Structures are given as structure tokens and as C-alpha cells.
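Everything below concerns the one structure shown next.
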Amino acid sequence: MKTIVIKNGHVIDPANGRDGRADILIEKGLITAVDDSCSIDTADHKVIDAEGLNVIPGLVDCCARLREPGLEQKARIKSETTAAAKSGITTLCCPPDTDPVVDEPAVVELIHQKAASAGKSHVVVLGALTQGLDGEQLSEMYALQKAGCVGLGNARRPVANTAIQKRAYAYAATFDIPVFIEPTDPWLSQQGCAHQGKIASRLGLKGIPVSAETIAIAQALELIAETGVRAHIGRISSARAVEMIARAKHEHLPVTADVSAHQLHLTEHDISNFNSDCHVIPPLRTQRDMEALRQAVADGTIDAISSDHQPHDFDAKQSPFAGTEPGISALETYLPLCMRLQELTSVRLPELITRMSTSPASILGIEAGTLSVGAVADICIYSDDDDWQLSQDNMVSQGRNTPFYGWNFNHRVRHTLVRGKHSYIYK
Numbered sequence: 000m001k002t003i004v005i006k007n008g009h010v011i012d013p014a015n016g017r018d019g020r021a022d023i024l025i026e027k028g029l030i031t032a033v034d035d036s037c038s039i040d041t042a043d044h045k046v047i048d049a050e051g052l053n054v055i056p057g058l059v060d061c062c063a064r065l066r067e068p069g070l071e072q073k074a075r076i077k078s079e080t081t082a083a084a085k086s087g088i089t090t091l092c093c094p095p096d097t098d099p100v101v102d103e104p105a106v107v108e109l110i111h112q113k114a115a116s117a118g119k120s121h122v123v124v125l126g127a128l129t130q131g132l133d134g135e136q137l138s139e140m141y142a143l144q145k146a147g148c149v150g151l152g153n154a155r156r157p158v159a160n161t162a163i164q165k166r167a168y169a170y171a172a173t174f175d176i177p178v179f180i181e182p183t184d185p186w187l188s189q190q191g192c193a194h195q196g197k198i199a200s201r202l203g204l205k206g207i208p209v210s211a212e213t214i215a216i217a218q219a220l221e222l223i224a225e226t227g228v229r230a231h232i233g234r235i236s237s238a239r240a241v242e243m244i245a246r247a248k249h250e251h252l253p254v255t256a257d258v259s260a261h262q263l264h265l266t267e268h269d270i271s272n273f274n275s276d277c278h279v280i281p282p283l284r285t286q287r288d289m290e291a292l293r294q295a296v297a298d299g300t301i302d303a304i305s306s307d308h309q310p311h312d313f314d315a316k317q318s319p320f321a322g323t324e325p326g327i328s329a330l331e332t333y334l335p336l337c338m339r340l341q342e343l344t345s346v347r348l349p350e351l352i353t354r355m356s357t358s359p360a361s362i363l364g365i366e367a368g369t370l371s372v373g374a375v376a377d378i379c380i381y382s383d384d385d386d387w388q389l390s391q392d393n394m395v396s397q398g399r400n401t402p403f404y405g406w407n408f409n410h411r412v413r414h415t416l417v418r419g420k421h422s423y424i425y426k
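Under numbering that gives the first Met the number 0, residues 0 to 426 are what the sequence shown spells out, in order.
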């Protein structure tokens, strides 16, 4: 493996408090030197000229549905990890709601093998909290952990029996396995497709109230307090949920949280023309909710920003709004949407990169999100002065379902390195 020098880049590494020009030396897939004087000798080395570019730890996405195994007509691991590499994402976390469900080690091994074969981005896996995600019998948690699962969750499938939910949390706590929660009350949200409010009523769409999210969070927090399980609450969408997470942290509960990137830029108003690409679960909520989520990212109440990537085939978005499948193909807009927050909030760039890389890595319990000497060389190099627009022609993901076509972006990934090897170069 050839030695690489990343030369003259603006290196931003929140884990080490670094924010300035530096050279980075990569040998055998590891970072072996970071030189603030930019004087690393380039003789006989491959050189990446990063003059005028930002060099940051590879991005870590704590929720991306890759559709394989089971829904290959929507996407495959190879196509989606390629799209991730184009976006500077070096690690993706796959939820357990594949087909078959990730409730036995063989499925974990299959996903890992497919990702290794693609060679574009790392893929880590969440195991099922209950067998088949049916919410009735606990999964073989210890076996899933030994197979490499970084945590357990039931995706958006409810565990209706709270006694089973408590038992699952307690069992996970025994093995120090974190639990990943996508909070929803199935009875309050049943058949809903939009935020419950005036716009949904005017459009004749069944609404999902904020309480569908907050009741599920309240229940989870009580059980977390009783069992002591480490928990991550994913894809929150409301101001009220932010308040609950902030209180839980103040009470020192072992809780972290993330928000989807699209929830920071879209509101219920974006569904006014029945744009099915804006059909997401949890639904796009009010302007007030969006502003509260942005502030929570800025002040650290929300620990991470996820893509919540959900690629779909063409037909999945062609029915009337309520009949379409929810979700956005979100990998290729992840970095530019996150970076827009610098203009919209008080968040500083190192803090923003923490939400996109360092904190998600910590949540997943993986060695990533840092440019420390000795760390694996998972690196994103991007420009912040490239004007471009998203179009179907420049998308790599197999899913083309996105409401961001035609948006003007300024940030573009130029290089992505995974284990010190190029997995993407902008040409």
C-alpha cells in the first residue's frame, strides 16, 4: 500500500481540538503523522493536494437503510456504499429491519461480507431487539453482539408489551449492549402520513400527533432509568422531544439522540402540493419544531445528525401521497445539508463535524471520527465553495426519491479515503 501525504489542507479534528492548516501522513492504512508546519516530505509518496480544502474525519451515519438483503429492487449494499463514499461517509449503520430480519448471526455476516466486497464504506449493523421484530420474544442478544452488532433495536416496530420491553432493556444492560430506539406510539400514529395540524387537515391527510413521539420517549426514558441500559433515541422530530431529551441528560440518564438532516430544512409546508418525496416518518413538523431541532444541534442536546437514508424504487412514490412509501434517498445531500446549518444557527464548524462524525462514532462504539495519530485513515476532504445542484444525472444511489432536486449547494466532497485507500475521487 502506497504511502499518502495529504498536503496543505485545513484540518478540522474536534476529537483533538485541531482546526488549522496541516499535513497528514498515511502509511499502511493508518494516520502516522499530523504536521502543523506543513513540512512532511512528499518524495516517493502519493500526494493529495488539499490546498483550499477542508480535511475532516470520515463521516459516520447512524441510520441508513441499504435495503439488502430483501429489497434489492430498491437498492443494494454496493450502490448505497458507493453513494456514501461520494458523500464523505465512511461508516454507515444499518438498522435491523432487513428481510430476513437481523435476528441471527448469519444475517450479520452476510451484510458484513457484502460491504467488504463492495469496498467503499464500512457498514456496521444493529441486531433485532426481539425475534423477527415482532415484540414478543427476546432475540439472542449475546450471539448478535458476538457476531459484531454494535447495538440492538426494534426499528419502528413497537414492543407493545411494556414488560417485554423492560426485560429486553435489562437483558441488554447485562451485556452492556446499547439499545437504539425509534420512538413511535403505533396506535396514535396508525395510518398517519403527515404532521397533525392545519395543513394535514386542509389536504385531507391523516395526521400523526407529536404525542405519538413523546409518549414513546417518555415510556422509554422510564424504563432506561429503571434498567440502566445505554440508549440512543433516533430521528426525533419535535420541540417537545428536544425538551424531554434535555431533561433526561440533566438527570444523567445514559441517553443520546439524533435528528435526520431533512428535518432541519423542511417543514409541514413542504407537503402542501402533495409532494410524495416529502412523505417521511416521523413526519415533517412545524417551523417551531424545526427551529428547536436546529438549536438542539447547536447546543449539543442532539448528539448526532443522521441521513435516515431510505432509497425507494420509482413505483413506491407514484401513488397518492398517503399511499406512497415514506423515506428520502438522503446520502448524497447529507454533507451539504448539514453544512448549511452554519448559516442558519450559531453552530461552529468543529461542533458540526462532531455531530456528523465524532459523536456518531462514540454512539456506535466504533473507532472512528478522529484524525489522531494511530487512527485508521477514514478521511473526508471537501470544498466549501463549489456551486452545484442535485439532479438525477449526478446521483449514485439506486434510490432517486428526494425533494432536494434543484437545490443550490456549496459543499462538495473531493476525496474520500477508507482505510487509507481512495473510495471516491471527484472528477
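Cβ atoms here follow ideal geometry from the backbone N, Cα and C, with glycine treated the same way. All values reported here derive from a predicted model rather than from experimental measurement.
Enumerate in chain order the residues of its own chain whose CB-to-CB distance from valine 158 is below 8 Å, with the five nearest sequence positions on each side excluded. Leu128, Thr129, Gly134, Gln164, Ala167
Under a three-way DSSP split, which group does glycine 206 fall into? Three-state result, glycine 206: strand.
At which residues does the beta strand (DSSP E) containing serine 382 begin and terminate? 378-382
Among Val123, Met338, Gly147, Leu389, nearest to tyrosine 404 - alpha-carbon criterion: Leu389
Only counting the same chain, and skipping five residues up and downstream in sequence, which positions put a Cβ closer than 7 Å to that of glutamine 341? Around glutamine 341: Leu348, Leu351.
Which residues in the same chain have their Cβ closer than 8 Å to the Cβ of isoleucine 11, if we skip the five residues on either side of it in sequence? Cβ neighbours of isoleucine 11 beyond the five flanking positions: Arg17, Asp18, Asn53, Val54, Ile55, Leu348, Pro349, Ile352.
If alanine 74 sits next to serine 396, beta carbons under 8 Å apart, how far is it from one beta carbon to the other, in whole angstroms? 7 Å
Out of Gly398, Ala360, Ile232, Asn407, state which residue places its alpha-carbon closest to the alpha-carbon of aspartate 385. Asn407
Enumerate in chain order the residues of its own chain whose CB-to-CB distance from aspartate 40 is below 6 Å, with the five nearest sequence positions on each side excluded. none
Whole-number beta carbon distance between threonine 89 and threonine 415, since they are thought to touch under 8 Å: 7 Å
Confirm, please, whether the CB-CB distance from arginine 418 to alanine 376 is below 9 Å. yes
Quick check on glycine 373: buried or exposed, where buried means 16 or more other Cβ atoms within 10 Å of its Cβ? exposed
Aspartate 184 to valine 46, Cα distance in whole Å? Those two C-alpha atoms are separated by around 53 Å.
Is there at least one Cβ from chain B nearer than 9 Å to glycine 57's Cβ? Protein chains in the displayed structure number just one, and chain B is not present.
Ends of the beta strand (DSSP E) at proline 56? 53-56
Counting Cβ pairs, one atom from each stretch, are 3 or more of them under 8 Å apart for the region 100-107 and the region 117-126? yes
Rounded to whole angstroms, what's the CA-CA distance from asparagine 160 to glutamine 136? Just pull it up for me. 10 Å
To the nearest angstrom, how far is the alpha carbon of alanine 114 from that of serine 200? Computed Cα separation, rounded: 44 Å.
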